[in-house]
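When we follow my numbering, the leftmost residue of the sequence shown carries the number 58, and every step to the right adds one.
Every residue, glycine too, gets a C-beta built ideally from N, C-alpha and C.
If you're wondering where the values come from, they're calculated on a predicted model, not measured in any experiment.
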Amino acid sequence: MPTYQAPTRDMQFIVNELLELSNQTHLAGMEDVSSDLAGSLIEESGKFASEVIAPLNQSGDRQGATHHPDGSVTLPDGFKEAYNALREAGWSTLVQPQRYGGQGLPHALGMAVDEFLSGANQAFAMLPGLTVGAAAAISATGSDQLKDLYLPRLISGQWSGTMNLTEPQCGTDLGLIRTKAEPQADGTFTITGTKIFISGGEHDATENIIHLVLAKTPGAPEGTKGISLFVVPKILVDGNGTLGEANNVSCGSIEEKMGIHASPTCVMNYDGARGWMVGEENKGLAAMFIMMNSARLHVGVQGLGQAEAAFQNGVAYAKDRRQGRALTGPAEPGEPADPIIVHPDVRRMLMDAKAFTEGMRALSIWTAFQIDIAERSPDEKAREAAQDLIELLTPVIKGYGTDRGYAVATDMQQVLGGHGYVVEWGMEQFVRDARITMIYEGANGIQAMDLCGRKLAMHGGRAIRSFFALVDAECADIPDDARYATIAASLKRANGDLKTATMWFMQNAMGNPNNLGSGAYHYMTMMGITSLALMWLRMAKIAAIRLADGEGDKAFYEAKLTTAQYFAQNALVDVGALRRKLEAGSSAVMALPPDSFSFA
Ligand SMILES: Cc1cc2nc3c(=O)[nH]c(=O)nc-3n(C[C@H](O)[C@H](O)[C@H](O)COP(=O)(O)OP(=O)(O)OC[C@H]3O[C@@H](n4cnc5c(N)ncnc54)[C@H](O)[C@@H]3O)c2cc1C
58 MPTYQAPTRD MQFIVNELLE LSNQTHLAGM EDVSSDLAGS LIEESGKFAS EVIAPLNQSG
118 DRQGATHHPD GSVTLPDGFK EAYNALREAG WSTLVQPQRY GGQGLPHALG MAVDEFLSGA
178 NQAFAMLPGL TVGAAAAISA TGSDQLKDLY LPRLISGQWS GTMNLTEPQC GTDLGLIRTK
238 AEPQADGTFT ITGTKIFISG GEHDATENII HLVLAKTPGA PEGTKGISLF VVPKILVDGN
298 GTLGEANNVS CGSIEEKMGI HASPTCVMNY DGARGWMVGE ENKGLAAMFI MMNSARLHVG
358 VQGLGQAEAA FQNGVAYAKD RRQGRALTGP AEPGEPADPI IVHPDVRRML MDAKAFTEGM
418 RALSIWTAFQ IDIAERSPDE KAREAAQDLI ELLTPVIKGY GTDRGYAVAT DMQQVLGGHG
478 YVVEWGMEQF VRDARITMIY EGANGIQAMD LCGRKLAMHG GRAIRSFFAL VDAECADIPD
538 DARYATIAAS LKRANGDLKT ATMWFMQNAM GNPNNLGSGA YHYMTMMGIT SLALMWLRMA
598 KIAAIRLADG EGDKAFYEAK LTTAQYFAQN ALVDVGALRR KLEAGSSAVM ALPPDSFSFA
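Laid out in structure tokens, this is it:
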């Protein structure tokens, strides 16, 4: 049976030492965020995730969600009670605005809790995760009436939220949406159409489910310019939130799928359901993007969560399982064989996992902190710079974070050998659950195109230029210390490769957009590695200072320095190779006619 312990020690390091969250008193509303408060929130939420949510992960996978003939769906045993416990503990209200019943705490702390919940049980964590996203979309674009009615109940978790984009003929290309919204005399709309793959579309954990639905009004412009967003409650409510009759929306079926069995993936039928427009007509996609961006960061952290859970179990196994002898001679001569952690190839996988999970944790929390700066800083320039970084890094965290999260999960499965493949040990569930993170919320290829096609050019390249400057400044600020001077040198080289690749796009993609399309994935990976290395360099600097001062946990800081070096030697070097792949361009990628792929 696999286990999960929320990585609270590492999270404390990131929040209190890397970000120094308690020193950010210049940010509005953060005056009272002491390191004690942050520390106890991290410990308590970690305990909750490890003790209440994680024990339901394997049973939830085996039992799965169940669809009944009347269209209702029940979650696996224990999920409803755990959801209520989550609500009571207030973990879903942490970062939400106080005006609507939230606690107004920093996103950096919200992201920490997000990782713990996703690592403990990804399928469970989707329910509060999507609800938070739905609240964000209504909060940003809804009328005061919609906000007052829905936000307090979504934020408290009394009602849950969903995101309805996908239709049978329309996944990535939302311009193909067919769901219709007919205006009614009372200002509401009648929504008709079928949505597929809707996570949490129906379940028994909350008394109402608030669907955010993309649909087209009559005569709307073609494509994505003619999409509007609607709020469609499962149960109609009056202005006070009192539940009334059922709306004309039903769950036709749920998908049988590879993983996240406890999360119902629903076919939702809207048969003239009553809906209310959110924001302006034909501006629905922009409004939905608020929800999607929040969800993309959440999905990136799901990849990290699965990697962390798999890593913990891989380490435990590698210390316990005895096979063969260390290449340098028996490590434990009194035993019939050494634990497999002595083998360099097993170590390679464990070090890859450690370097990714700790680096990605730092990157995701640091990016969440940029949201805090963007929302709370009194300095307009600082807000703008933070917003640029969020937009630039969101597709990287989603795309690179989930690619590597999945790779780490399969590596940890490999550490268990044959036992990694059988159900009893639970490693195969981490792999199955992690796999979807690379697909939903925009497949990773689409994240790469978002990064290279939109984000690089954003504001005349302002965001990527400040990213380059940030990395260069970090590399320049290096006291004469061999332990991280080599990391800084490798990072500077990688940043140079990234700059050259950006320039190559500018020179070669304008005339031939396929050169952008074929190189985008490589670029996203280069950017992911470079961003993690930036975090590793910062962490290495802190660790070196603590060690020099003789402060704190020596083994912890020594491990940080060593892992930073490992990442520089083993991951950063890939950036140069990826640049060369990118610069090969699209000619060979696109040369074959489709018929050359036939097998007859
Ligand atoms: C378990 C699960 C839960 C989900 N939850 C939700 C949910 O809650 N709400 C919701 O609305 N949807 C949800 N989805 C749908 C999910 O977001 C889509 O499956 C995903 O966005 C991809 O769309 P698609 O499956 O139609 O693939 P397609 O769009 O058909 O894409 C297929 C492949 O082609 C590539 N591709 C497509 N177009 C391009 C292009 N222009 N350039 C380059 N490559 C391209 C894609 O990257 C992908 O690899 C869920 C799906 C699953 C499986």
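Separation of Tyr614 and Glu608 (C-alpha to C-alpha, rounded to the nearest whole angstrom) is 10 Å. Note that the C-beta distance between Glu312 and Gly176 is not below 7 Å. Per DSSP, the continuous beta strand (DSSP E) segment holding Arg331 begins and ends at Thr322 to Val335. Contact between the region 302–322 and the region 370–387 is not established, with fewer than three Cβ pairs separated by less than 8 Å.
The DSSP-derived three-state label of Ser149 is coil. Rounded to whole angstroms, the gap between the alpha carbons of His124 and Tyr463 is 29 Å. Comparing alpha-carbon positions, the option among Leu548, Ser256 and His268 lying closest to Ala590 turns out to be Leu548. In this structure, the CA atom of Ala577 is about 21 Å from the CA atom of Leu231. Thr247: member of the beta strand (DSSP E) spanning Phe246 to Ser256, first to last residue. When secondary structure is reduced to three states using DSSP, Ser92 falls in the helix class.
Going by beta carbons, Pro452 and Asp490 fall outside the 7 Å limit.
With respect to the C-alpha of Thr322, the residue from Arg331, Met584, Ala180 and Pro209 having the closest C-alpha is Ala180. The DSSP assignment places complete alpha helix (DSSP H) segments of no fewer than 4 residues inside the region 425–477 at 437–472, in order along the chain.
Here the distance from the Cβ of Ile284 to the nearest heavy atom of ligand 1 is not below 6 Å. Assignment of beta-bridge partners to Arg379 by DSSP yields Pro396. Per the C-alpha coordinates, the member of Arg595, Pro651, Ala551 and Gly574 positioned closest to Asn627 is Ala551. Around the C-beta of Met315, fewer than 16 other C-beta atoms lie within 10 Å, and the residue is accordingly described as exposed. Judged by the Cβ position, Ser149 fails to qualify as a neighbour of ligand 1 at the 6 Å threshold, every heavy atom of the ligand being at least this far. Sequence-distant partners of Ala85 (beyond 5 residues in either direction) whose C-beta falls short of 6 Å from its own C-beta, in its chain, are Arg433. Counting only the Cα atoms, Leu354 lies some 12 Å from Gly167. Shown here, Ile234 sits in coil according to DSSP, grouped into three states, outside any helix or strand. Ile544: member of the alpha helix (DSSP H) spanning Ala539 to Asn565, first to last residue. Val130 is the residue among Arg519, Val130, Glu640 and Gly502 whose C-alpha sits nearest the C-alpha of Met325. Contact annotation: Gly456 and Ala505 have beta-carbon atoms nearer than 7 Å.
For the pair of segments examined, the region 410–427 was found to touch the region 71–82: the number of CB pairs separated by less than 8 Å reaches three.
With a cutoff of 7 Å on beta-carbon distance, Ala238 and Phe287 are scored as near each other.
Per DSSP, Asn114 is one residue of the alpha helix (DSSP H) stretching across Asn114 to Gln120. Around the beta carbon of Thr620, 16 or more other beta carbons lie within 10 angstroms, which makes this residue buried.
Here Met583 is buried: its Cβ has 16 or more other Cβ atoms, across all protein chains shown, within 10 Å.
In summary, Thr198 is buried, with 16 or more beta-carbon neighbours lying within 10 Å of its beta-carbon over all protein chains present. Distances from the CA of Asp205 to each of Ala182, Thr385 and Tyr157 were compared; the closest alpha carbon is that of Tyr157. By the Cβ criterion, the region 105–124 is not in contact with the region 440–454, since fewer than three pairs of Cβ atoms, one from each stretch, lie closer than 8 Å. The beta carbon of Arg461 sits closer than 8 Å to the beta carbons of Gly360, Ala364, Phe413, Met417 and Gly585 from its chain, once the five residues preceding and following it are set aside; these are given in chain order. Take the alpha-carbon of Gly190 and the one of Glu145: they are about 20 Å apart. Here Asp127 is exposed. Its C-beta has fewer than 16 other C-beta atoms within 10 Å. Taking all protein chains shown into account, Lys282 has fewer than 16 neighbouring C-beta atoms within 10 Å of its C-beta and is therefore exposed.
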